[in-house]
Structure formats: C-alpha cells, structure tokens
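For the sequence shown, the residue numbers in the numbering used here are 1 to 180.
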Amino acid sequence: VILTIIFLSIVINNNESDVIAPEKTYVSQPTKITNFEGVEEQAAVSPDGQYLAFQWRRNKKKAQIFIEEVGTLNPTLRQVSMTNQHDVSPSWSPDSQSLAYFRRDDQNNCSLHVRELIGNHEQLIADDCMSAGFLQGLDWSPDGTKIAYAKKFPDRVAVVVYNLLDKTIKPYSFPNAGEK
Numbered sequence: 001v002i003l004t005i006i007f008l009s010i011v012i013n014n015n016e017s018d019v020i021a022p023e024k025t026y027v028s029q030p031t032k033i034t035n036f037e038g039v040e041e042q043a044a045v046s047p048d049g050q051y052l053a054f055q056w057r058r059n060k061k062k063a064q065i066f067i068e069e070v071g072t073l074n075p076t077l078r079q080v081s082m083t084n085q086h087d088v089s090p091s092w093s094p095d096s097q098s099l100a101y102f103r104r105d106d107q108n109n110c111s112l113h114v115r116e117l118i119g120n121h122e123q124l125i126a127d128d129c130m131s132a133g134f135l136q137g138l139d140w141s142p143d144g145t146k147i148a149y150a151k152k153f154p155d156r157v158a159v160v161v162y163n164l165l166d167k168t169i170k171p172y173s174f175p176n177a178g179e180k
C-alpha cells in the first residue's frame, strides 16, 4: 500500500448569481510518501507541516507508529513506538513535539500514551480507553494541555478529556448504561 497525499486547490468565482460554480480547478500531482511493504494507515500531518505520522503494519507484525519528514528529497523514517502490541491512531500535539496514540494488546485492551519526540520519553495517560471501529479518535486541545478520547466504563463508553497538567479526567458525553 502506498500512502499518498494530494493537495487540491479550488478557485471559485461568484458573479453574484444564484449558482456558485467552480471556474478553475487546480490539482497538484500526487506525491509518493512511502512505498513500504504492508499497510500504512491513519496518517496525521504535524501542525508545523514538517512531518507525517502514521501506523505501519508489515509482514503480519503488530502495527507501530512511524514519522517521516515531508517535502525533502531523502526523507528520514523514524520508528516512534517499538512494542509487541498494536500502536495506532497517532495524533500530534499543537507544538509538533509530541504524539499521542493508542496501544492495543491481543485481548483488545486499550491504553493511551504520549511520546515526547525530543527526549523520546513515553508516558502512560490512561489504561481504560476504547479504540475500535469509529472510536479510534483522539485529539489535543489547542494549547496542548488536554487530550480528548473515548473512555471505557464498565457499562458504557463516553468521551472524556484528560488534563495533562493536573492529571484529571472530565466527562463530556453521558451515554445511558449499555450504550457503546
């Protein structure tokens, strides 16, 4: 599988008519980012635009997180996670200095981790997340102090926000028991 990024620019000219129609469409050529054996998924461009993070599963091994420089002639590939579990769903911090991602074991237990890229330090944030199907999303607050994710409770799954500064969790969705 080849991971490809296509940038699409559309210029629309509205001549004060009721119908808005594109006058010109510009499509840049696809840029090959990887040509690796296996499956690359869930790509995320860093906020500074310099790196692409993605999960790569090769040769029937577990998915791991990698980053690659974007826009250079000889990009450097860097493996961020190195475990015997599936590391998935990378999400960049707003300052492009850290990656948050889920780790799933063979029993599909999920934990949320943050890796600081400069010091290569990994921190366990939560061991009760839900990462399956459409519940694979996680996101940072604009100031980089909070991470939203799906938390698994005994009888439901809810969206929560983890505060990295005071290590507290605040629920933002309140599903009924049995709703997942």
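A virtual CB, placed ideally from N, CA and C, is assigned to each residue, including glycine.
All values reported here derive from a predicted model rather than from experimental measurement.
{"query": "Through-space distance from Thr76 to Arg58, alpha-carbon basis", "result": "18 angstroms"}
{"query": "Continuous beta strand (DSSP E) stretch holding Phe163: start and end", "result": "Residue identity differs from the one stated: residue 163 is Asn in this sequence, not Phe. Unbroken beta strand (DSSP E) run through Asn163: Val157 to Asn163."}
{"query": "Met82, buried or exposed, once every other Cβ within 10 Å from all chains shown has been counted against 16", "result": "exposed"}
{"query": "Other residues of its chain near Pro142: CB distance less than 8 angstroms, five sequence neighbours each side excluded", "result": "Pro94"}
{"query": "For Tyr172, the three-state DSSP class (helix, strand or coil)", "result": "coil"}
{"query": "Proximity winner among Leu165, Phe174 and Gln79, relative to Lys152 (alpha-carbon distances)", "result": "Phe174"}
{"query": "Cβ-Cβ distance between Ile67 and Asp87 below 7 angstroms", "result": "no"}
{"query": "Reduced DSSP secondary structure (H/G/I, E/B, other) of Val70", "result": "coil"}
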